[in-house]
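Novice: Just so we're aligned, residue 236 is where the sequence shown starts under the numbering used here, counting upward by one.
Beta carbons are placed, not taken as given, at the ideal position from N, Cα and C, and that holds for glycine.
Handing you a structure now.
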Amino acid sequence: MSNFEQISVSTYRDPTVYNKVFKHFAFLYFLQGVPIGFQTRFLPIYFRKRGISLVGLWMLKLLTVTWVLKPLIAYYILEQSIKKRFFMHTSYVVLCVIFLIASQLPMVNYTDFIGIMFLVNLTTSLQDVTLDSVLIELVTSAQMSNANVAQNIFGKVGSMFSGITFSLLSDVVGLSPLFYVLILLYFWGFIVAINIMGTPPVTPQLSSIAPNDDRDLDDEELEPPRVSLKLKRSSHFHNTQCGLSNIWHVDGTPWGIIFLLSYKIGELGTASNLPIYLIDIGYSPSQVGLLTTIIGELFGMVGSMTSEVFYHQPLLKVLQILLATRTVIAALMWLLVVTWDKSSSFYVISSLILLMMIYLIGGGVSSCSLCIVRGLVHRSPRRCRAFHCSFLNTIEFIGRIVFSSLIALLTEQMGYIFIFGLFICVNLLAYTWACKAPDWLQNRV
């Protein structure tokens with residue numbers, strides 16, 4: 236190779252091959268969202284109508300603890316030379332078998348179904364690691380933004396599909412035929428995954444660089460552009476040079492941990508308890524499931540698409556406005572619950588409008604929080620960034636599970652009026668804590 240040629244940071248992928256890869260991964264991420272909508276949108280309503288306690292419904296949320304083990308899972312899958320692509324397409328066969336077993340079980344047995352959903356969560360969490368990792372190998376850094384669209388949007392579409400389908404048809408045809416539909420979808424996912432296995436990874440491309448060019452191909456240049464945290468952290472989970480002591484002293488980490496534990500609680504509490512409340516006061520499960528699924532996934536999708544808009548705005552000011560607005564909405568929701576009159580359609584319509592606003596604002600809050608995590612991660616040493624990111628996301632996930640358990644217990648003992656009033660306090664707490672952000676975040680414009 237002459238002095239005039241060096242390996243550039245660009246990579247090569249034929250556009251025809253890329254389009255095929257993108258379509259395949261869009262469908263696989265659609266399948267990735269299917270169990271989420273089924274578990275979070277449909278099952279709580281389905282089992283609550285059949286007399287399962289709120290504490291029992293909390294067990295469904297506890298099953299997602301398998302996702303907390305993703306860093307350890309990723310180490311063995313990605314670092315120990317296990318065949319990632321082989322595991323990826325095998326996981327679809329496993330899901331077909333799981334749902335085949337579920338189709339033969341009577342749904343009145345809640346304990347058996349908890350076991351089924353544990354296997355589903357375990358398989359999909361493993362699948363998530365391998366799917367993201369293989370995607371990173373098959374697209375260039377310039378194509379990563381489209382890959383993030385496939386990841387975020389099609390995942391929500393899959394969640395909406397399963398939530399709506401099961402809510403509308405479960406009382407008409409039963410669950411077994413719907414499980415057979417999932418089996419067919421995952422079998423098709425197995426076929427798609429096999430086709431992806433034949434796609435070669437992206438290959439380096441040569442480019443001419445003048446010898447007097449002062450650009451250096453250092454670590455900063457070799458880093459791909461900013462991509463979604465989910466894709467980024469899938470490729471790096473294990474780093475023996477980092478530990479809690481390294482990231483704890485990063486300016487803003489203690490503040491960020493408390494913020495991540497609290498910012499989502501107000502939204503999740505209202506969004507998850509309103510459907511159960513509507514079921515308990517006598518509304519139809521199919522209607523409640525349909526409306527809350529459409530509102531939750533559609534407006535959550537719109538909210539998540541605001542990420543780039545909020546990234547270029549005064550971050551802290553936007554975050555404080557959103558949290559303050561959400562506090563007012565939580566107060567209005569509590570007022571509706573206190574004065575609820577089932578004979579008037581005003582209350583249910585108003586509650587659904589407020590739920591829509593909560594999801595829209597939640598998308599903006601999540602976007603701002605993603606920017607905060609990015610800022611915290613980039614303030615840590617380079618070798619610790621992957622671990623730092625994984626740690627923060629794990630903390631947030633654990634916080635959600637613990638909060639859900641407390642809410643279930645308090646709702647059983649104190650009732651809905653108390654719990655919706657508690658959500659006002661939680662939203663106010665998140666707003667107050669956002670006002671105490673570290674100096675570097677307050678100075679960000």
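According to DSSP, is HIS339 helix, strand or coil?
Specialist: What sits at residue 339 in the sequence shown is Gln, not His. In this structure, GLN339 counts as coil in the three-state DSSP scheme.
Novice: Is the separation between the beta-carbon of ARG282 and that of LEU292 shorter than 8 Å?
Specialist: First, the residue type needs correcting, since residue 282 is Phe and not Arg in the sequence shown. Yes.
Novice: With three or more beta-carbon pairs closer than 8 Å as the criterion, would you say the stretch 592-602 touches the stretch 495-506?
Specialist: Yes, the stretch 592-602 is in contact with the stretch 495-506.
Novice: Output the boundary residues of the alpha helix (DSSP H) element that contains ASN508.
Specialist: Here the alpha helix (DSSP H) through ASN508 covers 500-515.
Novice: Please state whether DSSP places VAL485 in a helix, a strand or coil.
Specialist: Coil at VAL485, not helix or strand.
Novice: Report buried or exposed for PRO412, applying the criterion of at least 16 other Cβ atoms within 10 angstroms of its Cβ.
Specialist: Flag for PRO412 reads exposed.
Novice: Can you tell me the Cα-Cα spacing of ALA665 and SER338, whole angstroms?
Specialist: The straight-line gap from Cα to Cα measures roughly 43 Å.
Novice: Out of MET592, ASN628 and MET591, which one is the CA nearest neighbour of ARG609?
Specialist: If we check each option's Cα against that of ARG609, ASN628 comes out closest.
Novice: What does the alpha-carbon distance come out to for the pair PHE658 and PHE425?
Specialist: Between PHE658 and PHE425, the C-alpha separation is close to 43 Å.
Novice: Would you check if the distance between the CB atom of LEU589 and the CB atom of ILE556 is smaller than 8 Å?
Specialist: Contact flag unset, no.
Novice: Kindly list the residues whose CB is nearer than 6 Å to the CB of ALA197, restricted to its own chain and excluding five residues on each side of it in sequence; keep chain order.
Specialist: The structure shown does not extend to residue 197, since the chain spans only 236 to 680, so no value can be given for it.
Novice: Could you say if the stretch 353-365 and the stretch 388-396 meet the contact criterion of at least three C-beta pairs nearer than 8 Å?
Specialist: Contact between the stretch 353-365 and the stretch 388-396 is absent, because fewer than three Cβ pairs lie under 8 Å.
Novice: Could you pull the start and end residues of the alpha helix (DSSP H) that TRP668 belongs to?
Specialist: Note, TRP668: alpha helix (DSSP H), 651-669.
Novice: With DSSP run on the structure shown, which of helix, strand or coil describes ILE287?
Specialist: Correct three-state label for ILE287: coil.
Novice: Identify, in the order they occur along the chain, each residue of the same chain with its Cβ nearer than 8 Å to the Cβ of ILE652, setting aside the five sequence neighbours on each side.
Specialist: Result list for ILE652: TRP569, VAL572 and VAL573, in chain order.
Novice: Between THR562, PHE401, VAL537 and GLY634, which has its C-alpha nearest SER497's C-alpha?
Specialist: The option with the nearest alpha carbon to SER497 is GLY634.
Novice: Given that a residue counts as buried once 16 or more other Cβ atoms are within 10 Å of its Cβ, and exposed if not, what is PHE622?
Specialist: It counts as buried.
Novice: Our contact map puts ILE654 next to THR646 with C-beta atoms below 8 Å; I'd like the distance itself, whole angstroms only.
Specialist: Yes, they are in contact, since the Cβ atoms of ILE654 and THR646 sit about 5 Å apart, within 8 Å.
Novice: Decide if CYS624 is buried, meaning its Cβ has at least 16 other Cβ atoms within 10 Å, or exposed.
Specialist: Buried, because 16 or more other Cβ atoms sit within 10 Å of the Cβ of CYS624.
Novice: Taking the alpha carbon of PHE389 as the point to measure from, which residue in ILE271, PHE265, PHE348 and LEU417 has its own alpha carbon closest?
Specialist: Cα-wise, what sits closest to PHE389 is PHE265.
Novice: Return the first residue and the last residue of the alpha helix (DSSP H) that SER521 is part of.
Specialist: Start and end: 520-529.
Novice: With distances taken from CA atoms, which of PHE638, SER521, CYS331 and ILE399 is nearest TRP423?
Specialist: If we check each option's Cα against that of TRP423, CYS331 comes out closest.
Novice: Would you kindly work out how many angstroms separate the C-alpha atoms of LYS671 and ARG561, rounded to a whole number?
Specialist: Taking the straight line from one Cα to the other gives about 18 Å.
Novice: Hey, could you find the ends of the alpha helix (DSSP H) ALA566 is sitting in?
Specialist: Note, ALA566: alpha helix (DSSP H), 550-573.
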